[in-house]
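Visitor:
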Amino acid sequence: MSFRAHDIGVSLGRRAILHGVDFTAEAGRLTAIVGPNGSGKSTLLRALCGEVPFSGRVTINGHDTAHLKAWELAAMRAVLPQSATLAFSFTVIEVVRLGLSAGISAGRDHLPLRALDAVGLSGYGGRLYHELSGGEQQRVQLARVLTQVWDPVEGGEPRWLLLDEPVSSLDIGHQLVVMELVRGYAERGGGVIAVMHDLNLTAMFADAVTMVHGGRIIANGAPAAVLTDTTLSHAYGCNLRVNHQPPSGGTWVLPHAATLQGAQSS
Amino acid sequence: MRFTVNGTMTLAACNEIADAALPDRAAAARRLTLWLALGLIAAMTASLAIGAAGTSLWSTLADLALGRPLSSVDETILWNIRLPRTLMGVLVGAALAVSGAVMQGLFRNPLADPGLVGVSAGAGLGAISAIVLGSALPAGAMALVGAHLVPLAAFAGSWATTLLLYRVSTRGGRTSVATMLLAGIALGALAAALSGLLVYAADDQQLRDLTFWGLGSLSGATWAKLMAAAPIIVVALLGAPFLARGLNALALGEAAAGHLGVPVQRVKNLSVLAVAAATGAAVAVSGGIGFVGIVVPHLLRLASGPDHRMLLPNAALLGAGLLLGADMISRVVIAPAELPIGIVTAILGAPVFLWILLRNRMVVES
């Protein structure tokens with residue numbers, strides 16, 4: 001079972017953001033979309049979740065999203081926006097309960113509290129959302145998204161988490177909590193597609209990496225295959241050096257000190 | 267709560283604590299509903315009992331209970347003057363408060379109000395057009411719509427204004443507060459100017475019909491007007507709660523609401539229709555009564571949270587009760603003469619509005 005995009009093109013005004021992109025993510029894996037600022041990685045995610053008009057075709061588990069109703073789609077996949085706005089003074093638990101908006105809420109009433117617990121916010125339910133820090137708000141939104149598609153597999157079909165920079169405003173401890181949480185979702189059979197900013201977290205947690213550059217996919221595959229000196233330096237336009245941690249052989253990426261100054265002065 | 271002997275809690279007890287720690291605003295809102303309903307009944311009773319004429323509700327009720335015949339004067343005052351006026355107050359107050367709450371949910375902003383952003387002015391233009399130009403309609407068309415012409419025209423006017431306002435002030439699923447308020451000022455001014463032009467074209471009889479519009483009043487309440495406006499308002503009031511879940515999700519923005527499975531476009535279209543219907547019909551029978559639509563939902567959000575499932579019914583009850591209260595004030599302060607009710611709601615509502623503005627400064631200035 002997979003989440004596929006066929007020949008996706010997106011234009012904003014007269015400017016083409018994505019050109020004929022083919023993308024596949026498999027269930028049971030965490031697929032990271034990486035790329036420099038303005039590469040089109042967030043636009044790709046927006047096209048996958050139907051937020052921007054696009055040419056081409058997107059299928060979830062073989063179903064063409066163009067033929068699915070909003071509530072059918074909502075039962076298959078949930079979307080975490082990069083920055084969430086909220087009108088009116090809702091409490092944390094009220095925001096998380098919005099994850100129950102779609103479909104039948106009977107028998108799912110306990111999910112919002114469990115989701116809050118999973119993102120490390122148990123006891124925050126009664127707090128006002130607006131009074132939380134940015135990182136806490138981001139985790140509340142993640143709890144809402146988890147509530148929407150709590151079971152990774154439903155009726156024999158995997159469900160999908162589409163996350164736009166899920167850890168961008170979190171401290172390092174909570175980055176690990178959240179990455180482990182969504183990784184666990186994939187391990188239990190669900191699909192996770194995450195736009196990632198941090199290449200080292202990507203190397204640590206992703207099963208597959210898609211590199212976007214200039215509105216096209218320039219590399220695709222296992223982290224070790226995509227995160228190479230050549231690919232990274234080409235995409236990010238500066239000299240990056242990939243190293244391997246001695247005990248596990250895990251990949252980590254560092255800017256090359258000599259060229260860092262060069263990148264700053266240019 | 268269950269505790270085991272050695273002081274550790276069972277799992278069930280843990281869950282109960284987790285639940286108990288949450289302030290249950292839904293339960294508070296339901297208790298509030300009860301009090302608001304009782305308050306409305308009290309306000310309706312007082313509204314029937316108070317008036318310029320000396321008719322006493324109590325003696326009349328006693329007469330009815332004892333089976334004594336009513337004096338024809340008392341019967342006329344109660345049945346033809348106070349009862350339609352009271353019912354009109356209930357319907358108009360509920361309509362204004364609910365359309366305010368729905369509009370604020372739609373625009374994701376506590377400052378959206380049909381009176382402030384030109385929707386009432388649009389309704390007024392529709393109603394004035396119907397009064398001034400209605401006589402030019404073919405007799406067959408008049409017979410078809412009859413007394414409903416003015417409320418329907420007001421409905422059309424407020425619908426067009428709301429739709430236009432939403433198109434202008436919302437881009438990419440986000441509503442700009444500044445654009446909304448400024449566009450509302452422009453649309454309101456345009457509607458007022460066109461209404462002014464029509465007033466020049468009106469004859470003497472039509473002018474008398476138009477005079478009460480300026481500040482709004484319930485004094486023109488008759489059974490005929492009530493029957494013309496009531497169906498439109500009642501349909502809007504009964505339909506509004508079905509939008510509640512959608513409006514809650516819209517608080518996250520249009521895109522996020524869509525991802526939650528909410529049919530966003532349908533919720534938006536129906537919200538615009540509900541606002542237009544309730545505001546239009548209310549303006550058609552009572553003129554522009556300001557501030558009810560902004561003050562009532564705001565007070566309720568402070569008391570029991572912004573969840574529209576409870577906010578909308580509670581707004582109907584509080585709006586109805588408050589408008590009856592304002593109407594009673596307008597009847598007694600300079601009795602036997604009467605203040606237009608719009609003056610009373612503005613004097614009470616404008617300071618509250620300023621207070622809301624101060625509390626929401628961050629939202630407005632962003």
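These protein sequence lines map, in sequence, to chains A and B. First residue of the first sequence: 1, per the working numbering; consecutive thereafter. First residue of the second sequence: 267, per the working numbering; consecutive thereafter. Idealized CB from N, CA, C, for every residue including glycine.
Output the residue ranges of the beta strand (DSSP E) runs that lie fully inside the segment 194-256 of chain A and measure 3 residues or longer, sorted by chain position.
Guide: List check, beta strand (DSSP E) in window: 208-213, 216-221, 240-244, 251-255.
Visitor: Run the CB neighbour count on A/Tyr185, radius 10 Å, all protein chains shown included, and call it buried at 16 or more, exposed below.
Guide: By the neighbour-count rule (16 or more Cβ atoms within 10 Å), A/Tyr185 is buried.
Visitor: Report the neighbours of B/Arg374 on chain A: residues whose CB is nearer than 7 Å to its CB, in chain order.
Guide: Near B/Arg374 (Cβ distances below 7 Å), the residues of chain A are Ala87.
Visitor: Starting from A/His63, follow its DSSP beta bridges and name the residues at the other end.
Guide: DSSP output for A/His63 lists A/Ile60 as bridge partner(s).
Visitor: Answer yes or no: does any C-beta atom of chain B fall closer than 9 Å to that of A/Ser101?
Guide: Interface residue, yes.
Visitor: Would you mind telling me which residues of chain B sit closer than 7 Å to A/Glu131, beta carbon to beta carbon, in chain order?
Guide: Result: empty, since nearest Cβ-Cβ is about 13 Å, beyond 7 Å.
Visitor: Using the beta-carbon count (16 or more within 10 Å), is B/Gln531 buried or exposed?
Guide: So B/Gln531 ends up on the exposed side.
Visitor: Find the nearest neighbour of A/Leu146 within the set A/Gly99, A/His174, A/Phe90, A/His130, judged by alpha-carbon distance.
Guide: For A/Leu146, the nearest C-alpha among the options comes from A/Gly99.
Visitor: Closest Cβ-Cβ distance between B/Leu624 and chain A: below 9 Å?
Guide: It does not: the Cβ of B/Leu624 has no partner Cβ on chain A nearer than 9 Å.
Visitor: Between the segment 46-62 of chain A and chain B, which residues of the former have CB atoms less than 9 Å from a CB of the latter, in chain order?
Guide: Those would be Arg46, Cys49, Gly50, Glu51, in chain order.
Visitor: Please identify, using Cβ separations under 9 Å, the residues of the segment 510-524 of chain B that lie next to chain A, in order along the chain.
Guide: Result list: Arg511, Gly512, Asn514, Ala515, Leu516, Ala517, Leu518, Gly519, Ala521, Ala522, Ala523, Gly524.
Visitor: Is there a Cβ from chain A that is less than 9 Å from the Cβ of B/Gly366?
Guide: Not one chain A Cβ lies under 9 Å of B/Gly366.
Visitor: Going along chain B in order, which residues have a C-beta closer than 9 Å to the C-beta of A/Leu73?
Guide: Those are Gly524, His525, Gly527, listed as they occur along chain B.
Visitor: Mind checking if B/Pro572 is an interface residue toward chain A, Cβ cutoff 9 Å exclusive?
Guide: B/Pro572 counts as touching chain A.
Visitor: What separation, rounded to the nearest whole angstrom, lies between the Cα atoms of B/Thr445 and B/Thr428?
Guide: So the alpha carbons of these two residues sit roughly 14 Å apart.
Visitor: With 9 Å as the threshold, decide whether the Cβ of A/Gln148 is near any Cβ in chain B.
Guide: Output row for A/Gln148: interface = yes.
Visitor: Can a CB atom of chain B be found closer than 9 Å to the CB of A/Phe205?
Guide: It does not: the Cβ of A/Phe205 has no partner Cβ on chain B nearer than 9 Å.
Visitor: Residues in the same chain with beta-carbon distance under 6 Å from B/Asp214, minus the five sequence neighbours each way, listed in chain order, please.
Guide: The question about residue 214 of chain B has no answer here: the residues shown for chain B are numbered 267 through 632.
Visitor: Can you give the Cα-Cα distance for B/His564 and B/Arg625, rounded to whole angstroms?
Guide: Cα to Cα, the separation comes out at about 11 Å.
Visitor: Just to confirm, is the Cβ distance from A/Trp160 to A/Gly191 under 9 Å?
Guide: Yes, the pair counts as a contact, with Cβ atoms nearer than the cut-off.
Visitor: Taking 9 Å as the CB-CB cut-off, is A/Pro158 touching chain B?
Guide: Chain B contact via Cβ: absent.
Visitor: Is there a Cβ from chain A that is less than 9 Å from the Cβ of B/Arg652?
Guide: Limits of chain B in this structure are 267 at one end and 632 at the other, which puts residue 652 of chain B out of reach.
Visitor: Please list the partners that A/Ala84 has in chain D, where partner means a Cβ-to-Cβ separation under 9 Å.
Guide: Chain labels in this structure do not include chain D; the protein chains are A and B.
Visitor: Please classify B/Met493: is it buried, with 16 or more other beta-carbons within 10 angstroms of its beta-carbon, or exposed?
Guide: Label assigned to B/Met493: exposed.
Visitor: For the segment 554-587 of chain B, list every residue whose C-beta sits within 8 Å of some C-beta in chain A, in sequence order.
Guide: Taking 8 Å as the Cβ-Cβ cut-off against chain A, the residues of the segment 554-587 of chain B that qualify are Arg567, Gly571, Pro572, Asp573.
Visitor: Pick from A/Gly173, A/Ala87, A/Ser101, A/Glu157: whose alpha carbon is nearest that of A/Val119?
Guide: The candidate whose alpha carbon is nearest that of A/Val119 is A/Gly173.
Visitor: So B/Leu314 and B/Leu349 are in contact, right, with Cβ under 8 Å, and what is the actual spacing, rounded?
Guide: At roughly 7 Å, the Cβ-Cβ gap stays under 8 Å, so B/Leu314 and B/Leu349 are in contact.
Visitor: Would you be able to state if there are at least three C-beta pairs under 8 Å between the segment 388-404 of chain B and the segment 542-551 of chain B?
Guide: Output reads yes: the segment 388-404 of chain B touches the segment 542-551 of chain B.
Visitor: Just confirm the distance between the C-beta atoms of B/Arg296 and B/Met576, as a whole number of angstroms; I'd bet it's less than 8 Å.
Guide: About 7 Å; that satisfies the 8 Å criterion.
Visitor: With burial defined as no fewer than 16 other Cβ atoms inside 10 Å of the residue's Cβ, what is the status of A/Pro223: buried or exposed?
Guide: Per the 10 Å Cβ criterion, buried.
Visitor: Using a 10 Å radius around the Cβ and a threshold of 16 neighbouring Cβ atoms, would you call A/Phe3 buried or exposed?
Guide: Under this definition A/Phe3 is a buried residue.
Visitor: Report buried or exposed for A/Phe88, applying the criterion of at least 16 other Cβ atoms within 10 angstroms of its Cβ.
Guide: Classification of A/Phe88: buried, given that the 10 Å Cβ count is 16 or more.
Visitor: According to a CB-to-CB cut-off of less than 8 Å, which residues of the segment 16-35 of chain A neighbour chain B?
Guide: Listed by position along the chain: nothing, the set is empty.
Visitor: Would B/Pro617 be called buried (16 or more neighbouring beta carbons within 10 Å of its own) or exposed?
Guide: B/Pro617 comes out exposed.
Visitor: Does B/Glu282 come within less than 9 Å of chain A when only Cβ atoms are used?
Guide: Unreliable positioning characterises B/Glu282 in this predicted model, as indicated by a pLDDT of 42, which lies under 50. The coordinate reading is nonetheless provided below. Chain A contact via Cβ: absent.
Visitor: Of all the CB atoms in chain A, is at least one closer than 9 Å to the CB of B/Val530?
Guide: Yes, contact with chain A.
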